[in-house]
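Take 319 as the starting number for the sequence shown in the numbering used here and just add one per residue.
Just so it is clear, CB atoms sit at the ideal spot from N, CA and C, and this is done for glycine as well.
Keep in mind the model is a prediction, meaning the values are calculated, not measured.
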Amino acid sequence: MGSHVVFQVMRYDPRRDVEPYWAEYDVPVDEGDTVLMGLMRIRESLDGSLAFRASCRSGICGSDGMVINGRSQLACKTQVAAMVAVRGRVVLEPLRNLRYVKDLVVDQTPFWKKFRRVEPYLMPAAAPPAAERRMTMPQDAFDLLSKASDCIFCEICYSECPINGIDRGFLGPQALIKAFRFEFDPRDDGAAARLAPLSNVEGVWGCRTVFNCTDACPKGIPITEGIQRLKRKLVAETLAGMQPAYRSPEPVEGPEVASS
Ligand code: SF4
Ligand code: FES
Numbered sequence: 319m320g321s322h323v324v325f326q327v328m329r330y331d332p333r334r335d336v337e338p339y340w341a342e343y344d345v346p347v348d349e350g351d352t353v354l355m356g357l358m359r360i361r362e363s364l365d366g367s368l369a370f371r372a373s374c375r376s377g378i379c380g381s382d383g384m385v386i387n388g389r390s391q392l393a394c395k396t397q398v399a400a401m402v403a404v405r406g407r408v409v410l411e412p413l414r415n416l417r418y419v420k421d422l423v424v425d426q427t428p429f430w431k432k433f434r435r436v437e438p439y440l441m442p443a444a445a446p447p448a449a450e451r452r453m454t455m456p457q458d459a460f461d462l463l464s465k466a467s468d469c470i471f472c473e474i475c476y477s478e479c480p481i482n483g484i485d486r487g488f489l490g491p492q493a494l495i496k497a498f499r500f501e502f503d504p505r506d507d508g509a510a511a512r513l514a515p516l517s518n519v520e521g522v523w524g525c526r527t528v529f530n531c532t533d534a535c536p537k538g539i540p541i542t543e544g545i546q547r548l549k550r551k552l553v554a555e556t557l558a559g560m561q562p563a564y565r566s567p568e569p570v571e572g573p574e575v576a577s578s
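Okay, here's the thing in structure tokens:
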């Protein structure tokens with residue numbers, strides 16, 4: 319890899335621009351640099367107006383998801399050399415399926431609203447005995463759920479999901495894997511509240527098992543498998559008369575996502 323790489327970045331400032339446009343930067347890079355390091359170099363030395371999100375620089379905070387050379391990824395976990403080897407340059411766009419705010423920053427509001435819709439917390443039937451200071455879970459349940467607990471809320475699965483692109487009400491992979499994480503926790507007793515909103519095409523039945531989310535997740539979470547387990551649980555509970563076969567979707571409150 320040479321000492322300079324072209325970063326082709328989609329720029330858009332709704333206060334000034336009628337529509338997005340491409341800007342190119344000749345960025346000095348060192349061996350081992352990540353795409354995030356290149357973006358920081360642009361903002362520090364070439365163009366201080368470039369907007370993007372980042373914080374931890376180590377794949378933990380989930381802030382810097384963006385489309386890099388056509389695929390949603392974390393900029394801090396993506397090597398410049400790997401991108402250049404395939405395409406000769408680094409091409410950057412904001413995440414898909416969310417409204418542009420500015421440059422590589424998107425409006426996360428719909429993503430978080432949908433996350434809250436699945437009641438993403440433990441709802442135990444009763445408080446633990448006073449003598450107990452913890453609510454432990456069996457090892458097999460931990461093994462099943464631990465990967466789903468690794469989610470860093472990066473929105474990469476949401477960006478890669480084609481259903482989120484065509485159905486603005488679809489809860490999306492992240493909300494559904496969170497529902498799975500709590501629904502299969504043996505300490506939880508919240509099925510009635512949590513499962514009901516999922517039994518429609520904006521919940522689990524909207525998932526067409528494309529596997530894009532699973533392939534793209536930077537934490538290696540088997541998202542599609544978790545959604546399939548939720549479907550099977552809903553069918554079993556329906557056959558047992560515990561759930562209706564189908565419920566009408568409830569609208570997500572407030573302004574909804576506008577695909578860019
Ligand atoms: S499930 Fe994976 S891709 Fe989706 S928000 Fe969580 S960490 Fe990101
Ligand atoms: S900057 Fe935190 S995950 Fe990349």
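Problem - Residue range of the beta strand (DSSP E) that includes Lys420 - result: For the purposes of this step, residue 420 is taken as the residue at position 102 of the sequence shown. Here the beta strand (DSSP E) through Lys420 covers Tyr418 to Lys420.
Practice task
Under 8 Å by Cβ, that's how I've got Ser477 and Leu410 pegged, so tell me the actual separation to the nearest angstrom.
Solution key: Taking the sequence shown and counting its residues from 1, the one referred to as residue 477 is at position 159. Taking the sequence shown and counting its residues from 1, the one referred to as residue 410 is at position 92. Not quite, the Cβ-Cβ distance comes to about 13 Å (not below 8 Å), so this is no contact.
Problem - Cβ contact check for the stretch 364-374 and the stretch 385-399: 3 or more pairs under 8 Å - result: These segments touch.
Practice task
May I ask you to list the residues that DSSP assigns as paired with Glu342?
Solution key: Counted from its first residue, the sequence shown places residue 342 at position 24. Answer by DSSP bridge pairing, in chain order: Gln326.
Exercise for the section: Report whether the distance from the Cβ of Ala444 to the nearest heavy atom of ligand 2 is below 7 Å. Expected result: Here the question's residue 444 lines up with position 126 in the sequence shown. At a cut-off of 7 Å, the beta-carbon of Ala444 does not count as near ligand 2: no heavy atom of the ligand is closer than that.
Exercise for the section: Determine, using beta carbons only, whether Leu368 and Ile360 come nearer to each other than 8 Å. Expected result: Looking up residue 368 in the sequence shown gives position 50. Looking up residue 360 in the sequence shown gives position 42. Going by C-beta atoms, Leu368 is nearer than 8 Å to Ile360.
Problem - Ile545 beta carbon near ligand 1 (any heavy atom closer than 7 Å) - result: Start at 1 with the first residue of the sequence shown, and residue 545 comes out as number 227. Not one heavy atom of ligand 1 falls within 7 Å of the beta-carbon of Ile545.
Problem - Backbone secondary structure at Gly524 - three-state DSSP - result: The residue given as residue 524 occupies position 206 in the sequence shown. In the structure shown, Gly524 sits in a helix (DSSP, three-state: H, G or I).
Exercise for the section: To the nearest angstrom, report how far apart Pro573 and Lys431 are at their CA atoms. Expected result: Sequence index remark: in the sequence shown, residue 573 carries index 255 (1-based). Sequence index remark: in the sequence shown, residue 431 carries index 113 (1-based). Here Pro573 scores only 42 on pLDDT, less than 50, and its place in the model is too uncertain to base an answer on.
Problem - Heavy atom of ligand 1 within 7 Å of Phe471 beta-carbon - result: The residue given as residue 471 occupies position 153 in the sequence shown. Relative to ligand 1, Phe471 has its C-beta within less than 7 Å of a heavy atom.
Handout entry: Assigned exposure category for Gln457 - 16 Cβ within 10 Å defines buried
Key = Looking up residue 457 in the sequence shown gives position 139. Classification for Gln457: exposed.
Problem - In chain order, each beta strand (DSSP E) run of at least 3 residues that lies wholly inside the stretch 370-441 - result: Along the length of the stretch 370-441, whole beta strand (DSSP E) runs at least 3 residues long occupy 383-386, 389-392, 408-411 and 418-420, reported in chain order.
Practice task
Flag this pair as yes or no: are the beta carbons of Leu552 and Val522 separated by less than 8 Å?
Solution key: For the purposes of this step, residue 552 is taken as residue 234 along the sequence shown, with counting starting at 1. For the purposes of this step, residue 522 is taken as residue 204 along the sequence shown, with counting starting at 1. Cβ distance < 8 Å, so Leu552 and Val522 count as in contact.
Practice task
Would you check whether ligand 1 has a heavy atom nearer than 7 Å to the C-beta of Cys535?
Solution key: Counted from its first residue, the sequence shown places residue 535 at position 217. Yes, Cβ of Cys535 sits closer than 7 Å to a heavy atom of ligand 1.
Practice task
Give the straight-line distance between the Cα atoms of Glu543 and Asn518, rounded to the nearest whole angstrom.
Solution key: Here the question's residue 543 lines up with position 225 in the sequence shown. Here the question's residue 518 lines up with position 200 in the sequence shown. Looking at the two C-alpha atoms, the distance is approximately 18 Å.
Handout entry: Nearest-angstrom Cβ-Cβ length linking Asp485 and Met441, presumed shorter than 8 Å
Key = Locating residue 485 in the sequence shown gives position 167, counting from the first residue. Locating residue 441 in the sequence shown gives position 123, counting from the first residue. Contact doesn't hold; Cβ gap of about 28 Å is too wide.
Exercise for the section: If I'm right that Ile495 touches Ile539 with Cβ under 8 Å, what's the distance once you round it to whole angstroms? Expected result: Translated into the one-based positions of the sequence shown, residue 495 becomes position 177. Translated into the one-based positions of the sequence shown, residue 539 becomes position 221. Ile495 to Ile539, Cβ: 6 Å. Contact.
Exercise for the section: For Thr352, name the three-state secondary structure that DSSP assigns. Expected result: Your numbering for residue 352 matches position 34 in the sequence shown. Thr352 falls in the strand class under three-state DSSP.
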